[in-house]
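Working notes for the structure below.
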Amino acid sequence: MDGLFISFEGIDGAGKSTHIDGLAQAFRAQGRVVTLSREPGGTPLAEKLRVMVLNDEMDAMTEALLVFAARRDHLQRLIEPALARGEVVLCDRFTDATFAYQGGGRGFDLKTLSILEQWVQTVRGAGPDLIRQPDLTVWFDLPAEIAAQRLAGARTPDKFEAQPVEFFRRVSQGYLERMMAFPGRFARIKADNTRDAVWQDVLNTVQGRGWLA
Ligand code: TYD
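Numbering (the working numbering), first residue to last: 118 to 330.
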């Protein structure tokens, strides 16, 4: 069976987690082997980089370089081997988050991010090189104001969660621009809805692609 790579995106508070777990169960129920992972993170080295990115103050370029360094390790050690074994890889965030957060939110140069993306995600195999991208990106689109209400009073915020609502408006705009650049890969889910309704949308999206019965 061919490997399948699905990423999940959205601003902090958009509510991705339960749906990622739900999809993992749905795939497993149909006999697929599922690898659940997240970015930044997913390998011991990338998890160390995650702690720095989420907690230490740094400029936007340093942040971008660290998330791409983490991604390189993650791709080489976990994602590519899992896809080669024909597994389903469900990843909480991937490169679209870098375009949205470091690009949109922090204002870092998008052309430089594209160059890093090409370097880091190039897969060399028997055939021609390919730039690894998710087969599907599920974008949980939630207005920044509602996300801010959801996050208020929740656990202690990390560096990003502590940002003002304008930051998350720019992050959302960053996701929108990525969706417009890659319309075939993106599914935009209206996350300002009941959990059941959001789950139905997620399921319909994956079933619509023929990956779940
Ligand atoms: P998140 O995925 O929301 O995890 P948790 O649910 O544990 O808080 O946290 C990851 C944070 O890292 C999130 O605020 C977005 C940020 N991030 C970037 O800024 N750039 C990136 O490339 C990635 C993958 C994440």
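Ideal Cβ placement from N, Cα and C applies to all residues, glycine included.
What you are looking at is a predicted structure, and each value in this text was computed from that prediction instead of being measured.
Reduced DSSP secondary structure (H/G/I, E/B, other) of residue i
{"i": "Ile334", "result": "The structure shown does not extend to residue 334, since the chain is modelled only from 118 through 330, so no value can be given for it."}
{"i": "Thr311", "result": "coil"}
{"i": "Ala330", "result": "coil"}
{"i": "Arg302", "result": "coil"}
{"i": "Phe144", "result": "helix"}
{"i": "Phe225", "result": "coil"}
Integer-rounded CB distance, given that residue j should sit under 8 angstroms from residue i
{"i": "Leu259", "j": "Ala131", "result": "4 angstroms"}
{"i": "Met118", "j": "Gly203", "result": "4 angstroms"}
{"i": "Ala261", "j": "Val282", "result": "5 angstroms"}
Residue range of the beta strand (DSSP E) that includes residue i
{"i": "Asp258", "result": "Leu253 to Asp258"}
{"i": "Leu207", "result": "Val205 to Asp209"}
Extent of the continuous alpha helix (DSSP H) run through residue i
{"i": "Ala199", "result": "Glu197 to Ala201"}
Residue i and residue j closer than 8 angstroms at C-beta
{"i": "Ile123", "j": "Leu207", "result": "yes"}
{"i": "Leu230", "j": "Ala181", "result": "yes"}
{"i": "Gln250", "j": "Gln238", "result": "yes"}
{"i": "Leu329", "j": "Phe144", "result": "yes"}
{"i": "Glu278", "j": "Asp138", "result": "no"}
{"i": "Val151", "j": "Ala163", "result": "no"}
{"i": "Ser154", "j": "Leu183", "result": "no"}
{"i": "Ala199", "j": "Arg167", "result": "no"}
{"i": "Leu171", "j": "Lys307", "result": "no"}
{"i": "Ala243", "j": "Glu156", "result": "no"}
{"i": "Gly291", "j": "Phe216", "result": "yes"}
Query raised in the report: Which ranges would you report for the beta strand (DSSP E) in the segment 149–192 if only whole runs of at least 3 residues count?
Result: 151–155
Query raised in the report: Mind pulling the beta strand (DSSP E) runs of 3 or more residues that sit fully within the segment 233–288?
Result: 253–258
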